[in-house]
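Down below is the structure, laid out as structure tokens.
Protein chains: 4
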Amino acid sequence: MNLKNDDVVQDKRTEILEAAELIFTSRGYAAARMDDIAEAAGVAKGTLYLYFSSKQELFVSLLEARTEEYVRTVDGWLADIQSADECMHVLVTLRGQFFVRNQRLAESASHSMLGFPKELQLRVWNIRRELERPTIDVLNRVLPKDYPVDPAQVAAVVNGAIDYTVGTYLLDDQPVILADIARNIEYILGPGLTQVQQEKRQTGS
Amino acid sequence: MNLKNDDVVQDKRTEILEAAELIFTSRGYAAARMDDIAEAAGVAKGTLYLYFSSKQELFVSLLEARTEEYVRTVDGWLADIQSADECMHVLVTLRGQFFVRNQRLAESASHSMLGFPKELQLRVWNIRRELERPTIDVLNRVLPKDYPVDPAQVAAVVNGAIDYTVGTYLLDDQPVILADIARNIEYILGPGLTQVQQEKRQTGS
Amino acid sequence: MNLKNDDVVQDKRTEILEAAELIFTSRGYAAARMDDIAEAAGVAKGTLYLYFSSKQELFVSLLEARTEEYVRTVDGWLADIQSADECMHVLVTLRGQFFVRNQRLAESASHSMLGFPKELQLRVWNIRRELERPTIDVLNRVLPKDYPVDPAQVAAVVNGAIDYTVGTYLLDDQPVILADIARNIEYILGPGLTQVQQEKRQTGS
Amino acid sequence: MNLKNDDVVQDKRTEILEAAELIFTSRGYAAARMDDIAEAAGVAKGTLYLYFSSKQELFVSLLEARTEEYVRTVDGWLADIQSADECMHVLVTLRGQFFVRNQRLAESASHSMLGFPKELQLRVWNIRRELERPTIDVLNRVLPKDYPVDPAQVAAVVNGAIDYTVGTYLLDDQPVILADIARNIEYILGPGLTQVQQEKRQTGS
DNA sequence: CATGAATGAGAGTTCATTCAT
DNA sequence: TATGAATGAACTCTCATTCAT
Numbered sequence: 001m002n003l004k005n006d007d008v009v010q011d012k013r014t015e016i017l018e019a020a021e022l023i024f025t026s027r028g029y030a031a032a033r034m035d036d037i038a039e040a041a042g043v044a045k046g047t048l049y050l051y052f053s054s055k056q057e058l059f060v061s062l063l064e065a066r067t068e069e070y071v072r073t074v075d076g077w078l079a080d081i082q083s084a085d086e087c088m089h090v091l092v093t094l095r096g097q098f099f100v101r102n103q104r105l106a107e108s109a110s111h112s113m114l115g116f117p118k119e120l121q122l123r124v125w126n127i128r129r130e131l132e133r134p135t136i137d138v139l140n141r142v143l144p145k146d147y148p149v150d151p152a153q154v155a156a157v158v159n160g161a162i163d164y165t166v167g168t169y170l171l172d173d174q175p176v177i178l179a180d181i182a183r184n185i186e187y188i189l190g191p192g193l194t195q196v197q198q199e200k201r202q203t204g205s
Numbered sequence: 001m002n003l004k005n006d007d008v009v010q011d012k013r014t015e016i017l018e019a020a021e022l023i024f025t026s027r028g029y030a031a032a033r034m035d036d037i038a039e040a041a042g043v044a045k046g047t048l049y050l051y052f053s054s055k056q057e058l059f060v061s062l063l064e065a066r067t068e069e070y071v072r073t074v075d076g077w078l079a080d081i082q083s084a085d086e087c088m089h090v091l092v093t094l095r096g097q098f099f100v101r102n103q104r105l106a107e108s109a110s111h112s113m114l115g116f117p118k119e120l121q122l123r124v125w126n127i128r129r130e131l132e133r134p135t136i137d138v139l140n141r142v143l144p145k146d147y148p149v150d151p152a153q154v155a156a157v158v159n160g161a162i163d164y165t166v167g168t169y170l171l172d173d174q175p176v177i178l179a180d181i182a183r184n185i186e187y188i189l190g191p192g193l194t195q196v197q198q199e200k201r202q203t204g205s
Numbered sequence: 001m002n003l004k005n006d007d008v009v010q011d012k013r014t015e016i017l018e019a020a021e022l023i024f025t026s027r028g029y030a031a032a033r034m035d036d037i038a039e040a041a042g043v044a045k046g047t048l049y050l051y052f053s054s055k056q057e058l059f060v061s062l063l064e065a066r067t068e069e070y071v072r073t074v075d076g077w078l079a080d081i082q083s084a085d086e087c088m089h090v091l092v093t094l095r096g097q098f099f100v101r102n103q104r105l106a107e108s109a110s111h112s113m114l115g116f117p118k119e120l121q122l123r124v125w126n127i128r129r130e131l132e133r134p135t136i137d138v139l140n141r142v143l144p145k146d147y148p149v150d151p152a153q154v155a156a157v158v159n160g161a162i163d164y165t166v167g168t169y170l171l172d173d174q175p176v177i178l179a180d181i182a183r184n185i186e187y188i189l190g191p192g193l194t195q196v197q198q199e200k201r202q203t204g205s
Numbered sequence: 001m002n003l004k005n006d007d008v009v010q011d012k013r014t015e016i017l018e019a020a021e022l023i024f025t026s027r028g029y030a031a032a033r034m035d036d037i038a039e040a041a042g043v044a045k046g047t048l049y050l051y052f053s054s055k056q057e058l059f060v061s062l063l064e065a066r067t068e069e070y071v072r073t074v075d076g077w078l079a080d081i082q083s084a085d086e087c088m089h090v091l092v093t094l095r096g097q098f099f100v101r102n103q104r105l106a107e108s109a110s111h112s113m114l115g116f117p118k119e120l121q122l123r124v125w126n127i128r129r130e131l132e133r134p135t136i137d138v139l140n141r142v143l144p145k146d147y148p149v150d151p152a153q154v155a156a157v158v159n160g161a162i163d164y165t166v167g168t169y170l171l172d173d174q175p176v177i178l179a180d181i182a183r184n185i186e187y188i189l190g191p192g193l194t195q196v197q198q199e200k201r202q203t204g205s
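Residue numbers (this note's numbering), protein chains in the order written: chain A, 1 to 205; chain B, 1 to 205; chain C, 1 to 205; chain D, 1 to 205.
Dropping the structure here:
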């Protein structure tokens, strides 16, 4: 009985999150109205507040849920990766998918945060960390041992490249063909990530 | 007389834009209130509407003004650049500065746009093109002649890497030392942009 | 349950309309503030917008409601009237009552309309037609068969006489004694409406 | 010199009044903006306040000016009239012309007044008296000596008939042919104004 | 648990009026 | 006298949140 109730509760929570995703994604955080989300979820407005204490909390919970799914998936795929090339391919594909789905959510995060209460800002900050972690973890494994750049910064370059490229396609309303994007990003980033260069800069200057 | 008036008008416009930058940057577009901008500019609320027809138009005008400054500066610096390394250095430095200053403006753009009238959306779209253009132009010059990736996509990788890296520092409230970031990004992207690889993927698989 | 809800909804709608009548009548359309109407109705400002989509729509709905009441009443009274004298008496009494109650509403109509959306202008136009119709209908019955003036124009004369006379009393803050007014208007208009004159003008000129 | 200055002053006042008429007439009092009036008059906004102390005062001054013109004209035409028929003809023609030109001004008067200061309300009240006076004066002359209805009330019937009839044409956007309207109103009102009836009502009831 | 009518603070925008030039 | 940039109070309308049912 308890279990069943929990399931029902989970179902409704999930439905609301899906409705929220639909609305937040299509309108952006600020323009999304709780009425719209309730309607999309097929529940009354008041019901939203039984599951989420505020619009802000609903938004952050959605980010968390989507991030958790992404991290679980990408961690699985990256577990056995050993080469930088494979790693890039998986990252572009999965993070690209995530970004296509949650484009505006992710972009919204840093903005909307500004007016959020401290506790929610912390949760958003953790989300961002979670989104970086899989990339950093795999880079720690696949980068050459004496690679001189902090993996966290390499991760920023990789993730930035992926997000921005996908974002450009989306803004131009072009179809996002992740296989092509993956090939290009691998081509551009591959050499820099697999070889340890003599640091001419250091000696030269 | 006319000249003087024009100057005065420009001054007030500029003051308002600076106040708007302050408020939009610290609160995000949606949370920024016209009262706050007016107060920050030291003018009455109604005065804002003498120079900008709406909050949306003020926001887009601000984006345009900052973009124009950036493009002018970066075009100047990139004019004589011939090597990918130098190019990266200039790009990271200038685009990084731009991003530090206008971080949330740029990020806001795609969101806030959603509810804007068509005419303003077009202006935002042009802004995005302008922000890409200098990078694409210089890449057209410095990439190896038979480089097999579209410069627009290379630009997305480069710009994404810069923005995301700088953004990460800002979110973590760490000081942004652009020289260091430039060195790292050059190190990572340099090899991939200066050599034309044998496409093993194509032949090998 | 449903019935009860409908009734409750109707009650609140009616209360708001009564409050709106009070405020619109005492201040005119433009000077009436939604806050005042809300306060007079004993509801919050936002509640008004649950029942009427805008101030304009509230105003037109009020006109419609009052007009419908008037037309229903006057149609009932005029149903069995056969003589011009009786007809005048009923018209002055009922239209006079209507005008005393809704003086400024009716007067407001043509003005306020100017800035209204097309759909609402159409509704106001229909209201005006409805206010004329009972008079035209009864005149069609009671005017002599070969009366040479279009009943619609006779109706304009009759209604204009009534409204203007009552309006004069109201502007002068004099008590409106409809019985006296009716007697006077009957005296003045009666002869012209009951006899068919030889048209000297036509033959003479 | 003084005279010339006065003339110039009068000219500008007159221009402003004409511009005000254009704007008030086409938009109604509330929707008319001082900017529009200034632009239509070809002067700066501030200049309006050199000639009229407020929007309200400008409006009332316009009413007064137009009323004075009307009264002067109609008094002249009615001076020698001795029969009710002629009198009706002149009244319909001149008052009809006035109403066509100033339709919304006159209608606006009673509304807009509501929020006006006492002093201006008094002026509006006087305007209304002035607009009635010529009709009352001429009726005093042409009504049969023992006509039992107060001429002021007869005037209300006559003026109401004229205004309402013309107003109906205007609202329906039909051309106003005053000669036809005059003929109809004469036909309807003529008999009642020229014969003294036995008051059946008094004796009969 | 679920509802949705009610709330009311707060938003963007307008415009009559002022006053330094 | 004439200007028009600046003002700021006042407006309509929105929407996250509450709570009686």
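Glycine is no exception: its CB is placed at the ideal position from the N, C-alpha and C atoms.
Rounded to whole angstroms, how far is the Cβ of residue i from the Cβ of residue j, which I believe are closer than 8 Å?
i	j	result
E132 of chain A	N159 of chain A	7 Å
G96 of chain A	V149 of chain A	Contact doesn't hold; Cβ gap of about 23 Å is too wide.
According to DSSP, simplified to helix, strand and coil, what is residue i?
i	result
Y29 of chain B	coil
L143 of chain A	coil
Q197 of chain A	coil
P151 of chain C	helix
Q202 of chain D	Confidence is the limiting factor: at Q202 of chain D the pLDDT is only 45, short of 50, which leaves the residue's position unreliable and the question unanswerable from this model.
M1 of chain A	At M1 of chain A the pLDDT is 49, less than 50, meaning the model places this residue with poor confidence and gives no usable figure here.
F59 of chain C	helix
A42 of chain D	Checking the sequence shown, residue 42 of chain D turns out to be Gly, not Ala. Of the three classes helix, strand and coil, the one that applies to G42 of chain D here is coil, per DSSP.
P134 of chain A	helix
L189 of chain B	helix
Q174 of chain D	coil
A65 of chain B	helix
Q121 of chain B	helix
F99 of chain C	helix
Using the rule of at least 16 other Cβ atoms within 10 Å of the residue's Cβ for burial, across every protein chain shown, is residue i buried or exposed?
i	result
N140 of chain D	exposed
S61 of chain B	buried
R33 of chain C	exposed
L94 of chain A	buried
I188 of chain B	buried
A38 of chain D	buried
R72 of chain C	exposed
A179 of chain A	exposed
S26 of chain B	exposed
R128 of chain A	buried
Please list, in chain order, the chain A residues whose beta carbon lies closer than 7 Å to that of residue i.
i	result
Q56 of chain B	In chain order: nothing, as chain A lies at least about 12 Å away.
N184 of chain B	V149 and Q153
A19 of chain B	By Cβ distance, chain A contributes nothing, its closest Cβ being about 17 Å from A19 of chain B, past 7 Å.
Residue i versus chain D: which residues are under 7 Å apart at the beta carbon?
i	result
N159 of chain C	Y164
I127 of chain C	Simply none; closest approach about 11 Å.
Which residues in chain D have a C-beta closer than 9 Å to the C-beta of residue i? List them in chain order.
i	result
P144 of chain C	Chain D residues near P144 of chain C: none, gap ~12 Å exceeds 9 Å.
Y51 of chain C	Correct list: empty, because the minimum Cβ distance to chain D is about 24 Å.
I188 of chain C	V149, Q153, V154, V157, V158, L189, G192 and L193
Cβ closer than 8 Å: which chain A residues qualify as neighbours of residue i?
i	result
S110 of chain B	R104, E107, G167 and L171
R72 of chain B	Neighbours of R72 of chain B on chain A: none; closest Cβ ~23 Å, over 8 Å.
R27 of chain B	L114 and G115
Residue i versus chain B: which residues are under 8 Å apart at the beta carbon?
i	result
Q195 of chain A	P191
Counting only Cβ pairs nearer than 7 Å, list the residues of chain C close to residue i.
i	result
A156 of chain D	Y164, T165 and T168
A84 of chain D	Within 7 Å Cβ-Cβ: nothing; A84 of chain D doesn't reach chain C, min ~11 Å.
Inter-stretch contact at 8 Å, needing at least 3 Cβ pairs: the stretch 51-66 of chain C / the stretch 77-92 of chain C
With fewer than three CB-CB distances shorter than 8 Å, the stretch 51-66 of chain C does not count as touching the stretch 77-92 of chain C.
Count the CB pairs spanning the stretch 160-175 of chain D and the stretch 153-170 of chain C that are closer than 8 Å, and state whether there are at least three.
Result yes; three or more Cβ-Cβ pairs closer than 8 Å.
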